[in-house]
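Trainee: If you're matching positions, the sequence shown starts at -10 in this note's numbering and goes up one per residue. In this text, a Cβ means the ideal position worked out from N, Cα and C, and glycines have one as well. For clarity, every value in this text was computed on a predicted model and none was experimentally measured. Have a look at the structure that comes next, please.
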Amino acid sequence: MQAIVVDSLGDAHVLQVHNVPEPQLGPRQVLIQVLGSSVNAADVARRRGIDKVEPFIPGLDTFGEIVGMGTEVTKFSLGQRVIAFPKEGSYAEYVAADETHAFVMDPVPDVLEAIGSPLAAFTAYNVIKRLGQLVPGESVLIHGASGGVGVLAGQMAKLLGAKTVIGTTRSAAKTDQLKQLGFDVVVDTTVDNFKDVTLEVTGGEGADVVLDILGGNVLSQSIACMARFGRLVCIGTNLAGHVDVDVTHIHAECKSIIGSSFGLVRRFAPGVMQGMAKDVIPWLAHGDLRVPIAGVFRLSEAAAAHASFEQSTHVGKIILSMTEQ
């Protein structure tokens, strides 16, 4: 089969097509013919050199059709379409996934959106609902609102009853589209101070749930505009590593700072994923969550897909598609 293999770390041009063996199935795995995979920040970070150097196939999620099953698989059937998180990389024509890491999508409102959804949707739910513990009537502040996680987190917050959803962006060109996707307020941080806007919009109370993908000064300013009993969840590979934080108000106002790695959940807590899927999969299957697709590339165009992703001009997801739809 064809797959993208990274032999050496570097810029997008290290993503090259190779012929590799099809994956061998374990007894509780399914073989998936890949219809597409999404491009994620973690893929870019690993390609640049944040992880191991030996040759690897990138890609963390996939949408495709089950074409083979291990001898102990009981919950799937051949021909079912699933979103999945394979053990090895997903930039390939076929992948193997543990049955605990695959989820039937039926119906499929839009194939391209299904391709773009898995990692972003599960990560957003992990932040907003499982860790952020959002309840109806609360306010939410989402940094990096234009990325796949941000876009879906904003929609999920609304589905879960958030009163006000505030998003931040560094591009005025993205503001209108984000409002169309459900954000009540979009802050262009090149012009306005998100802390001031958040406090103004919430009547001085602050945001109950904050999603931070940036860290650094953004983290400290986010803490300053959190509500009492607020929850701030940090995610992503691009977090600034060091920040000075005054813990006085964290203690006095019962604020929480929580780290989130969906990769860790995927590796060590598949049961948690099953619980999340009870909400996420129906939302996707019935079109309650929309995944804006900003760019569609073929597998052989993975380098161009990564280059496009790194320009940071898109709203939503960039994907690799192996379907004509």
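Cβ of Asn29 within 8 Å of Cβ of Leu(-2)?
Mentor: no
Trainee: Any idea if Asp197 is buried or exposed, counting beta-carbon neighbours within 10 angstroms, 16 or more meaning buried?
Mentor: buried
Trainee: Under the rule that 16 or more other beta-carbon atoms within 10 Å means buried, what is Arg287, buried or exposed?
Mentor: exposed
Trainee: Which same chain residues end up closer than 7 Å to Thr179 when comparing Cβ atoms and leaving out the 5 residues on each side of it in sequence?
Mentor: Arg159
Trainee: Please confirm whether Pro149 and Thr187 have their CB atoms less than 8 Å apart.
Mentor: A quick correction: the sequence has Leu, not Pro, at residue 149. Cβ distance not < 8 Å, so Leu149 and Thr187 don't count as in contact.
Trainee: Report, in whole angstroms, the separation of the C-beta atoms of Ala142 and Leu200, which I expect to be a contact under 8 Å.
Mentor: The C-beta separation of Ala142 from Leu200 comes to about 6 Å, placing the pair in contact by the 8 Å criterion.
Trainee: Roughly how many whole angstroms lie between the Cα atoms of Arg256 and Met215?
Mentor: 31 Å
Trainee: Quick check on DSSP: helix, strand or coil for Met145?
Mentor: helix
Trainee: Looking at C-beta atoms only, is the number of pairs between the region 265 to 273 and the region 104 to 118 that lie closer than 8 Å three or more?
Mentor: yes
Trainee: Determine the DSSP secondary structure at His240, reduced to helix, strand or coil.
Mentor: helix
Trainee: Between which two residues does the alpha helix (DSSP H) harbouring Arg279 extend?
Mentor: From DSSP, Arg279 is part of no alpha helix (DSSP H); its letter is neither H nor E.
Trainee: Grouping DSSP H, G and I as helix and E and B as strand, with all else coil, what is Ile72?
Mentor: strand
Trainee: Leaving aside the five residues before and after Lys64 along the sequence, list all residues of the same chain whose C-beta is less than 8 Å from its C-beta, in chain order.
Mentor: Glu88
Trainee: Identify the residues that DSSP records as bridge partners of Ser79: which are they?
Mentor: BP columns for Ser79 are empty, so no partner.
Trainee: Please name the residue in Ala1, Pro10, Phe172 and Thr312 whose C-alpha comes closest to that of Asp32.
Mentor: Residue Ala1 is the option with its Cα nearest to Asp32.
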